[in-house]
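A.B. asks: Counting from 0, one number per residue, gives the positions in the sequence shown under numbering that gives the first Met the number 0. The structure that follows is given in the form of structure tokens.
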Amino acid sequence: MTSIETLSIHGGRTPDPTTGAIVPPICQSTTYAQRGLDGDAVHTYSRASNPTVSVLEDALGALEEAPPAVCFGTGMAAITTLLLSESNAGDHGILSDVLYGGSVRLVREVLARFGVDATFVDTSDPAAVEQAVRPTTRWIFIETPANPTLKLTDVEAIARIASRAGVPLFVDNTFLTPVILRPLDLGGTVSVYSTTKYIDGHNATVGGALVSRDEALLERLQRVRKTVGSIQSPQNAWLTLQGLKTLPLRLKTQCENAAVIARWLEAHPEVARVAYPGLESFPQYALAAKQHTGRPRGAEAALHGALIAFTLRGGLAAVRAALRDCEWITLAENLGSVESLATHPVTMTHGDVPREQRERAGIDDGLVRLSVGLENPADLIADLDRALERAAAVREGGRRESLAIS
Ligand SMILES: *Cc1c(COP(=O)(O)O)cnc(C)c1O
């Protein structure tokens, strides 16, 4: 099989047939002239398909040895289109209990009003998934590693349950991308992506993609996309194609940086816990080693993503002090870009997740999600060192105050 580095650059792409351009033109056209009434036009209207978007779809499909992907305006547009396409009123879905906040909102606030029932279960426990299956279950949707706690789900184990139940398995693979995890090879039906994250990688676009080897499903997705109007824009598809070329290279280095930083954090006295699937202390270290099989050129060991979740001893006040005024690390909601970004899930990305569901999932006030970028890790560690000094000062101050009161 052709390597991921080569496919990221060439997969699904040929020089533009009219100009020979190596980089596909941005086809900024609403509609397309048709030769006759016999309906042989490839493109008709840019809500249905667009030539630049099609290049991105060919490229993302090629990465997973699949037919062309279906691309969307955002990751949430992809997930919404998928669940709208594959659910009817009265149906039931099973989802990971730790999930991207937007996916939780979609299911709880939108699909629920249309009679689609859902159970959120700890999908790291296959027995819990098996027990949640009902006669009305129509799909299983998992995210691994989960956002933001990084808990893993065994894709093969859940695929076996889905297959016994006769339902498709949707895997949100935004965090690892096909460079590290290959959901379709493990029995998944659809790989779900927010291309906003690692695939673009430059904080330049929002976008989404669904990749599958099930042609009938892909056709249904295209039809619902055309109907609800959730397609990607050509500008964003073009930028995403540019980002895609360096995906394996970026992700490899970002993962290596993350491994160094996770070890450093684990040894720091202000840090209560570090979750990073590449640490020996990670509860599912063995599953990470089994499941994360991608090994881009030059990577000495398996890669486990570039996100770290760590908890500060000083809770919310310490997080507030730590994340203010960092030099290189930006407080922001995105992840996966070359810029390192820190997020406080409780007040930012997961603010809409009910507190009780949040706490059950281990998303506490002191939790920080760090998306490690491409900067030199020594500079990032120096930045984190100063941040944790600020956190320590706040915790010390708090302790002195409470001693004075008692
Ligand atoms: C960001 C994200 C999404 C949603 O993608 P958007 O492009 O922001 O709409 C879905 N799943 C995961 C895991 C994400 O990180």
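For every residue, glycine included, the Cβ atom is placed at its ideal position computed from N, Cα and C.
Just to confirm before moving on: does the CB-CB distance between residue 217 and residue 52 stay below 9 Å?
C.D. replies: No; because the gap between Cβ atoms is not below 9 Å, this pair is not in contact.
A.B. asks: Evaluate contact between the segment 261 to 277 and the segment 297 to 313, counting only Cβ atoms and requiring at least three cross-stretch pairs below 8 Å.
C.D. replies: Because the criterion of three Cβ pairs below 8 Å is met, the segment 261 to 277 and the segment 297 to 313 touch.
A.B. asks: Put residue 39 into one of helix, strand or coil per three-state DSSP.
C.D. replies: Here residue 39 sits in coil by DSSP.
A.B. asks: Any chance you could list the alpha helix (DSSP H) runs of at least 4 consecutive residues sitting entirely within the segment 287 to 357, in chain order?
C.D. replies: Taking only runs of at least 4 residues, the alpha helix (DSSP H) segments lying wholly in the segment 287 to 357 are 314 to 322.
A.B. asks: Please give me, in chain order, every unbroken run of the beta strand (DSSP E) with length at least 3 that falls completely inside the segment 29 to 107.
C.D. replies: Listed in chain order, they are 69 to 71, 91 to 95.
A.B. asks: By DSSP, does residue 205 sit in helix, in strand, or in coil?
C.D. replies: Looking at residue 205 - three-state DSSP - the assignment turns out to be coil, as it is neither helix nor strand.
A.B. asks: Would you say residue 24 reaches chain B, if we count a Cβ-Cβ gap shorter than 9 Å as a contact?
C.D. replies: In the structure shown, chain B cannot be found, because there is only a single protein chain.
A.B. asks: Do residue 87 and residue 233 come within 9 Å of each other at the CB atom, strictly closer than that value?
C.D. replies: Going by C-beta atoms, residue 233 is not nearer than 9 Å to residue 87.
A.B. asks: Check whether the segment 136 to 145 touches the segment 371 to 389, taking contact to mean three or more Cβ pairs, one atom from each stretch, closer than 8 Å.
C.D. replies: Cβ pair count under 8 Å is below three, so no.
A.B. asks: For residue 282, is the classification buried or exposed, using 16 other Cβ atoms within 10 angstroms of its Cβ as the cut-off for buried?
C.D. replies: Residue 282 comes out exposed.
A.B. asks: Look at residue 229 and residue 391 and say whether their C-beta atoms are less than 9 Å apart.
C.D. replies: No. Outside cutoff.
A.B. asks: With a Cβ-Cβ cutoff of 9 Å, do residue 373 and residue 294 count as a contact?
C.D. replies: Contact: no.
A.B. asks: Please list, in chain order, all residues of the same chain as residue 382 whose beta carbon is under 6 Å from its beta carbon, the five residues on each side excluded.
C.D. replies: For residue 382, where only same-chain residues beyond five positions count, the Cβ hits under 6 Å are 325, 326, 327, 328.
A.B. asks: Between residue 71 and residue 208, how many whole angstroms is the CB-CB distance? I'm expecting something under 8 Å.
C.D. replies: That belief holds up - the Cβ atoms of residue 71 and residue 208 are roughly 7 Å apart, short of 8 Å.
A.B. asks: What residue range is occupied by the uninterrupted alpha helix (DSSP H) comprising residue 4?
C.D. replies: Element bounds for residue 4: 3 to 9.
A.B. asks: When you compare only the Cα positions, how much space is there between residue 258 and residue 403?
C.D. replies: Residue 258 and residue 403: Cα-Cα distance of roughly 41 Å.
A.B. asks: What are the uninterrupted segments assigned as alpha helix (DSSP H) that are 4 or more residues long and contained completely in the segment 109 to 180, given in chain order?
C.D. replies: Runs of the alpha helix (DSSP H) inside the segment 109 to 180: 125 to 131, 154 to 164, 176 to 179.
A.B. asks: Roughly how many whole angstroms lie between the Cα atoms of residue 198 and residue 246?
C.D. replies: Answer to the nearest angstrom: the Cα atoms are 6 Å apart.
A.B. asks: Would you call the segment 172 to 192 and the segment 112 to 122 in contact, with 3 or more CB pairs under 8 Å?
C.D. replies: Taking 8 Å as the limit for Cβ pairs, the verdict is that the segment 112 to 122 does not touch the segment 172 to 192.
A.B. asks: Whose C-beta lies closer than 6 Å to the C-beta of residue 116 among residues of the same chain, with five residues either side of it excluded?
C.D. replies: These residues qualify, in order along the chain: 91.
A.B. asks: My understanding is that residue 67 touches residue 237, with C-beta atoms under 8 Å, so please give their C-beta distance in whole angstroms.
C.D. replies: Their Cβ separation, rounded to whole angstroms, is 16 Å, which puts residue 67 and residue 237 out of contact at 8 Å.
A.B. asks: What residue does the beta strand (DSSP E) around residue 261 start on, and which one ends it?
C.D. replies: Taken as a continuous stretch (DSSP letters only), residue 261 belongs to no beta strand (DSSP E), being part of the alpha helix (DSSP H) at 246 to 265.
A.B. asks: For the alpha helix (DSSP H) that contains residue 212, what are its first and last residues?
C.D. replies: Note, residue 212: premise wrong, no alpha helix (DSSP H); not H, not E.
A.B. asks: By Cβ distance below 8 Å, which residues in the same chain neighbour residue 79 in space, the five residues on each side in sequence not counted?
C.D. replies: Here the set comprises 105, 109, 227, 229.
A.B. asks: So is residue 332 buried or exposed if we call it buried at 16+ other beta carbons inside 10 Å?
C.D. replies: Exposed, since its Cβ has fewer than 16 Cβ neighbours within 10 Å.
A.B. asks: Quick one: using the 10 Å Cβ neighbour count with 16 as the cut-off for buried, is residue 401 buried or exposed?
C.D. replies: Result: exposed.
A.B. asks: With a threshold of 8 Å, are at least 3 pairs of Cβ atoms found where one atom belongs to the segment 94 to 102 and the other to the segment 336 to 352?
C.D. replies: Yes, the segment 94 to 102 touches the segment 336 to 352.
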